[in-house]
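For reference, the structure discussed in these notes is given below.
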Amino acid sequence: MKKVALIAMGLALACLATGCTDPKVTEVTEAINAIGEVTIDSEDEIASANDAYASLTDEQKKNVENYGLLEEANEALSQIAYEELTKALEVTEELRSNYYAQYYDMKDLDRASEAAQSAIDGSREDEYIDALDTLLGENEAFESFLDSKEAASYSRQTNSGEYPFALEESALPDEWSFEPVTMQTSSHPTWVISSRDATDLPPYVNFFIDGSSRNYTYEIVNVPTTEITVVGENGTPQSALVNTQVNFTADFDQSVNQDPNKELNERPAYLFVSRENYIILALQNYDGEDWYVPYLSYS
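In terms of the numbering used here, the sequence shown opens at residue 10 and continues consecutively.
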């Protein structure tokens, strides 16, 4: 018994001499050091270090010399989470401005964004991470829905205003030059151009059908969002949402200088931006079909 006591005393003296540390304290110290540079992905490491530190006795906690690093890590993570949560809310609002958002069930997204905003407004830092994870998941699902809707449309949204698929007239080149995306029958224009020959004359549009054309004036107006069907590159009918209508008017005496296609040319057409970001002039089919032929701007 005396021998055991002497061994224990010797170990105690050795610890005093060499700075022997409690294994639990060492474990916590190492967990804190392992955190390194704090990012939003440091959440699990910091949470693990927090739990390990909380499991120590008050006496053991006094011996965790790098506890200040853990405090700094918690503060840094809270700030990063706040910034990321703010960005996620901004993304939510941007996605809400998408035309197709009106067709999405917003219930879960509303709940997630309200919880996130409430956490920020109340400075409840302990809720930031969970609120962020939830909102990011809802944003991802919402964006996936919008992407699928956009992928199904031939046209692209250009703004979040009253006319979301409008093409600003300023975006058009001064002189037009449109050709069909794919070859059409001989009934269709092979080339649609505009030109201005004098300062006191309006710009004229010409529809070249079978090599000839007459002058037409045009007016561009915005109309409520309208769905048309276009048949483009792959020959498959596809929906296009439009807001910019073009009205053409013959600028010649039909009885003297006839154009057999006058009535067809004077039908309303539409301008829009394609999904691939090209300017498109959609003319109604010239063979009696009820779909539109996309003409691509080469100006």
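All C-beta atoms, glycine included, are put in the ideal place defined by N, C-alpha and C. For clarity, every value in this text was computed on a predicted model and none was experimentally measured.
In terms of alpha-carbon separation, which member of the options lies closest to residue i?
{"i": "Tyr227", "options": "Pro189, Leu280 and Gly244", "result": "Leu280"}
{"i": "Glu275", "options": "Arg284, Tyr287, Ala291 and Val265", "result": "Ala291"}
{"i": "Val201", "options": "Glu84, Ile218 and Asp139", "result": "Ile218"}
{"i": "Val190", "options": "Ile229, Gly131 and Ser283", "result": "Ser283"}
{"i": "Glu93", "options": "Asp139, Asp53, Ala61 and Asp60", "result": "Asp139"}
{"i": "Asn294", "options": "Val240, Asp50 and Gln263", "result": "Val240"}
{"i": "Asp262", "options": "Tyr225, Glu242 and Ala121", "result": "Tyr225"}
{"i": "Gly297", "options": "Ser87, Thr194 and Asn59", "result": "Thr194"}
{"i": "Thr95", "options": "Tyr108, Glu39 and Asp130", "result": "Asp130"}
{"i": "Glu81", "options": "Ile44, Ser196 and Gln69", "result": "Ile44"}
{"i": "Ala63", "options": "Leu86, Ala85, Glu36 and Ser51", "result": "Glu36"}
{"i": "Val100", "options": "Val255, Glu68, Ala278 and Leu141", "result": "Leu141"}
{"i": "Val255", "options": "Pro277, Glu242, Pro269 and Thr238", "result": "Pro277"}
{"i": "Met192", "options": "Asp31, Leu305 and Ile229", "result": "Leu305"}
{"i": "Asp31", "options": "Asn270, Asp60, Glu39 and Gln69", "result": "Gln69"}
{"i": "Ser196", "options": "Pro269, Asp206, Ser51 and Glu136", "result": "Pro269"}
{"i": "Gln111", "options": "Ala85, Gly77, Leu65 and Lys158", "result": "Lys158"}
{"i": "Leu145", "options": "Asp117, Asn59 and Gly77", "result": "Asp117"}
{"i": "Thr38", "options": "Gly170, Glu102, Asp53 and Asn59", "result": "Asn59"}
Starting from residue i, follow its DSSP beta bridges and name the residues at the other end.
{"i": "Ile289", "result": "Phe281 and Leu305"}
{"i": "Ser164", "result": "Ser283"}
{"i": "Ile202", "result": "Ser186 and Asn215"}
{"i": "Pro246", "result": "Val240"}
{"i": "Val255", "result": "Ile229 and Ala278"}
{"i": "Asn266", "result": "Its beta-bridge partners do not exist; DSSP assigns none."}
{"i": "Ser221", "result": "Ile218"}
{"i": "Thr235", "result": "Val251"}
CB residue i to CB residue j, shorter than 8 Å?
{"i": "Leu104", "j": "Leu155", "result": "yes"}
{"i": "Asn72", "j": "Val34", "result": "yes"}
{"i": "Asn286", "j": "Ala175", "result": "no"}
{"i": "Asn75", "j": "Ile41", "result": "yes"}
{"i": "Glu272", "j": "Leu250", "result": "no"}
{"i": "Glu188", "j": "Thr199", "result": "yes"}
{"i": "Phe257", "j": "Val214", "result": "yes"}
{"i": "Ile89", "j": "Ile55", "result": "no"}
{"i": "Tyr163", "j": "Gln247", "result": "yes"}
{"i": "Asn168", "j": "Arg223", "result": "no"}
{"i": "Ala121", "j": "Thr143", "result": "yes"}
{"i": "Ser57", "j": "Glu134", "result": "no"}
{"i": "Pro173", "j": "Thr245", "result": "no"}
{"i": "Gln166", "j": "Tyr91", "result": "no"}
{"i": "Tyr307", "j": "Ser186", "result": "yes"}
{"i": "Ser2", "j": "Pro212", "result": "The structure shown has nothing for residue 2, since the chain only spans 10 to 308."}
{"i": "Thr238", "j": "Trp300", "result": "yes"}
{"i": "Tyr137", "j": "Ala128", "result": "yes"}
Could you tell me whether any Cβ in chain D is nearer than 8 Å to the Cβ of residue i?
{"i": "Pro233", "result": "Looking for chain D here will not work: only one protein chain is present."}
Checklist line | Cβ contact check for the region 145-161 and the region 176-186: 3 or more pairs under 8 Å | finding: Between the region 145-161 and the region 176-186 there are fewer than three C-beta pairs closer than 8 Å, too few to call the two in contact.
Item checked: beta strand (DSSP E) segments (min. 3 residues) lying fully within the region 64-118 -> Here no run is fully enclosed.
Notebook entry, point to check: Which ranges would you report for the alpha helix (DSSP H) in the region 112-159 if only whole runs of at least 4 residues count?
Noted result: The region 112-159 contains these whole alpha helix (DSSP H) runs: 116-130.
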